[in-house]
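*Asks:* In my numbering, the protein residues as written are 2 to 426.
Please find one structure pasted underneath; my questions will follow.
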Ligand code: GDP
Ligand code: IMO
Ligand code: MG
C-alpha cells in the first residue's frame, strides 16, 4: 500500500503527530520535499520530539527515508541523529536512508536566503534556512548532492567548481563571500560527510521494491498545500511542490501505485510568515486561539497567525491533492468559544465566490462569508471516542465533512498519541 500524507492548509496542521500515529502500520516512511524549514512535532508520553528532516515515522519500526527532492542541511541531520541517540534510539543505516541525489544546503545558501529576504521590499517571511537558494541551485544544476558530501575528493572538486560563481552572487548582494570557502565550515562538512556515508541509498528503488514485496510505504510531506511553489499563494510560498502529486515525482514512484491520499486539516487555520489569510483573526480572539493551540513556530518560534476554518481554500486543497480521507486535528483548541465560524465563501468585488481566485493579489481582496455554529464548553482532551464528544463538537465536525465532501477518518484532540480516535468508531 502506498499512502501520501500532505498538509491541506499553510503547514503546521499536525502532520508529525498523525504520521507518528499511523506509522505503526507502515514499513517505510519517506520525506519527499522541503528541508529544515519544516518542524514536525511528535509527542510520546512526556517526550516532545521536534523533527525538521527525519521523517516522523522514526519512533516506530519503519525504515525512514529522505528522498532526492529534499534539501538537506547536514548539521541539522547530525543534531537530530544525536537527539535520538540521547533518547536511546539508534539511527543507524538500517533505520535511515538518504538518497544519493539529495541536494545539500551549504552555508552560502543560508547567507543568500538572508541577504535576499533583507533586500525584499515586500517580505516573504522565509525561515532563513537557505531552502530557496538550495532549490535554485538544484534547478540551475549547480547543486552539491549527498553523493558528493560523502566523498571528500568529489566534494572539494565540486565546491572549487562552484565557488567563484557563489562568491560573486554573495558579493553582488552585499554579503561576505568568504563564507563560500570558509575552511572551518568545509572541514565540518567533510566530517559530516564521513559520518553519513553509510546512509546513502536509492530511494526510488527502495520504495518500488518495498511495494513489489507487498509492504506499506508512506510519503510524508512538509509544509502545506497553499505553500506549494506552483499552486500556492505566490509569492508567499516555499520553494518546493508540497502537494500529493509531488510525492510521486520526488520519490520516483508512479502515480498508478498510489492507494490513498490523506489530508491533515486543522479545525481552524494558521499561517506563519507573510501572505493572504482571508479569515485571519487579528484581535483578542486570534490571540486566544494562538495561545490555546500553542501556535508558535516549531522551527522559528514565530507566532502563527490564526483564523476561522476556510472552506474555499480547503476545496482547492482537495482538488490539488485528490484526498481520499481527512484527519482533523486540534479540535480541542476551539473549546470555550460561544460561536464558531466557518468561512463558506468569499465576497470578491461584489461577487460571491465558493472557490479561491487563482491569483494571490485577488485572494488578498476577498472577504470571508461565514456560517455560524454554536460552540461547546467541555474540555475535549480526555475524549476517547467520537460519540463522547459534546453534541456541538460533533455538529461542527459533521458540518465540515458535509461541506468538504471527503470523509473524516481520525479526529485529534491533543498532541499525544492517545488523544486521537476514529470518527467511525
Ligand atoms: P506539522 O508541521 O504539521 O507536523 O505540525 P507542528 O508540529 O508544526 O504543529 C502542530 C502542533 O500542534 C504541535 O505542537 C503538536 O504537538 C500539536 N498538536 C497536534 N495535534 C494536536 C491536537 O489535536 N490538539 C492540540 N492541542 N495540539 C495538537
Ligand atoms: P511544516 O512542515 C509553516 C513558510 C515560511 C514562509 C514561507 C517560505 O512544519 O508545516 P521558506 O523558508 O520555506 O523559504 O519560507 O513558507 N513555511 C512554513 N510555514 N510550516 C512549515 O513547515 C513551513 N515551512 C515554510 O514561514 O512564510
Ligand atoms: Mg510544523
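Idealized CB from N, CA, C, for every residue including glycine.
Using three-state DSSP, classify residue 410 as helix, strand or coil.
*Replies:* Here residue 410 sits in strand by DSSP.
*Asks:* When you compare only the Cα positions, how much space is there between residue 395 and residue 315?
*Replies:* Straight-line Cα distance between these residues: approximately 19 Å.
*Asks:* Quick one: is the Cβ of residue 82 within less than 8 Å of any heavy atom of the ligand IMO?
*Replies:* No.
*Asks:* Please look up how many angstroms separate the CB atoms of residue 202 and residue 99, rounded, as I've assumed it's under 8 Å.
*Replies:* At roughly 7 Å, the Cβ-Cβ gap stays under 8 Å, so residue 202 and residue 99 are in contact.
*Asks:* Using only the alpha-carbon positions, how far apart do residue 282 and residue 267 sit?
*Replies:* Distance between the alpha carbons of residue 282 and residue 267 is about 15 Å.
*Asks:* Using a threshold of 9 Å, state whether the C-beta atoms of residue 31 and residue 252 are closer than that.
*Replies:* Yes, they are a contact pair.
*Asks:* Taking residue 451 as the reference, which of 371, 47 and 349 has the closest Cα?
*Replies:* In the structure displayed, the chain extends from 2 to 426; residue 451 sits before or after that span and is not available.
*Asks:* Among residues of its own chain, excluding the 5 on either side of residue 320, which ones have a beta-carbon nearer than 7 Å to its beta-carbon?
*Replies:* Nothing meets the Cβ criterion.
*Asks:* Sort 329, 356 and 47 by Cα distance to residue 269 and report the nearest one.
*Replies:* The residue with the shortest Cα to Cα distance from residue 269 is 329.
*Asks:* Less than 9 Å between the beta carbons of residue 29 and residue 250, yes or no?
*Replies:* No. Outside cutoff.
*Asks:* Can you tell me whether residue 420 sits near the ligand GDP, meaning its C-beta is under 8 Å from at least one heavy atom of the ligand?
*Replies:* For the ligand GDP, at least one heavy atom lies less than 8 Å from the Cβ of residue 420.
*Asks:* Decide if residue 353 is buried, meaning its Cβ has at least 16 other Cβ atoms within 10 Å, or exposed.
*Replies:* Exposed, since its Cβ has fewer than 16 Cβ neighbours within 10 Å.
*Asks:* Under DSSP, the beta strand (DSSP E) around residue 370 begins and ends at which residues?
*Replies:* From DSSP, the beta strand (DSSP E) with residue 370 extends over 368-375.
*Asks:* Under DSSP, the alpha helix (DSSP H) around residue 19 begins and ends at which residues?
*Replies:* Note, residue 19: alpha helix (DSSP H), 16-23.
*Asks:* Please confirm whether any heavy atom of the ligand GDP lies closer than 8 Å to the CB of residue 325.
*Replies:* Residue 325 Cβ: outside cutoff for every heavy atom of the ligand GDP.
*Asks:* On the DSSP letters alone, give me the boundaries of the beta strand (DSSP E) that residue 97 sits inside.
*Replies:* Here the beta strand (DSSP E) through residue 97 covers 97-100.
*Asks:* Check residue 221 in the structure and name its three-state DSSP category.
*Replies:* Residue 221 falls in the strand class under three-state DSSP.
*Asks:* Output needed for residue 293: all residues of its chain with C-beta closer than 6 Å, excluding positions within five of it in sequence on either side, in chain order.
*Replies:* The answer, listed in chain order, is 334.
*Asks:* Listed by chain order, which residues have C-beta atoms less than 5 Å from any heavy atom of the ligand MG?
*Replies:* Counting every residue whose Cβ lies closer than 5 Å to a heavy atom of the ligand MG, we get 13, 40 and 299.
*Asks:* Identify every run of the alpha helix (DSSP H) within the stretch 326-389, keeping only runs that are complete inside it and at least 4 residues long; order them along the chain.
*Replies:* Within the stretch 326-389, the complete alpha helix (DSSP H) runs of at least 4 residues are 361-364.
*Asks:* Return the residue from the list 381, 262 and 421 that minimises the CA-CA distance to residue 408.
*Replies:* Of the candidates 381, 262 and 421, the one whose C-alpha sits nearest the C-alpha of residue 408 is 262.
*Asks:* For residue 317, which of 11, 4 and 302 has the nearest alpha-carbon?
*Replies:* Of the listed residues, the one whose Cα sits closest to residue 317 is 11.
*Asks:* Does the distance from the CB of residue 224 to the CB of residue 393 come in under 9 Å?
*Replies:* Not a contact, by the Cβ cut-off of 9 Å.
*Asks:* Which residue from 177, 397, 2 and 55 puts its Cα closest to that of residue 76?
*Replies:* The residue with the shortest Cα to Cα distance from residue 76 is 55.
*Asks:* What did DSSP end up calling residue 311 once you bin it into helix, strand or coil?
*Replies:* Strand.
*Asks:* Could you pull the DSSP bridge partners for residue 250 from this structure?
*Replies:* BP columns for residue 250 are empty, so no partner.
*Asks:* Tell me where the alpha helix (DSSP H) around residue 194 begins and ends.
*Replies:* 184-197 is the span of the alpha helix (DSSP H), which, as asked, contains residue 194.
*Asks:* May I ask you to list the residues that DSSP assigns as paired with residue 41?
*Replies:* Residue 41 pairs with 52.
*Asks:* Let's test the definition: count the other Cβ atoms within 10 Å of the Cβ of residue 138 and tell me whether it reaches 16, buried, or not, exposed.
*Replies:* By the 10 Å Cβ count, residue 138 comes out buried.
*Asks:* In the DSSP assignment, find the unbroken beta strand (DSSP E) run with residue 64 in it and report its ends.
*Replies:* Here the beta strand (DSSP E) through residue 64 covers 64-67.
*Asks:* Is residue 132 a contact residue of the ligand IMO, with contact defined as CB to any heavy atom under 8 Å?
*Replies:* For the ligand IMO, at least one heavy atom lies less than 8 Å from the Cβ of residue 132.
*Asks:* Closer than 8 Å to a non-hydrogen atom of the ligand GDP - does that hold for the CB of residue 241?
*Replies:* Not under cutoff, so the answer is no.
*Asks:* Along the chain, where does the alpha helix (DSSP H) that runs through residue 305 open and close?
*Replies:* Premise fails: residue 305 is in no alpha helix (DSSP H) and is neither H nor E.
*Asks:* Examine the ligand MN and report whether any of its heavy atoms sits within less than 8 Å of the Cβ of residue 334.
*Replies:* With respect to the ligand MN, the structure offers nothing, as its ligand set consists of the ligand GDP, the ligand IMO and the ligand MG.
*Asks:* Using only CA atoms, which one of 146, 237 and 295 lies nearest to residue 276?
*Replies:* Closest by alpha carbon: 237.
*Asks:* Alpha carbon to alpha carbon, how far is residue 146 from residue 417?
*Replies:* Approximately 36 Å between the Cα atoms of the pair.
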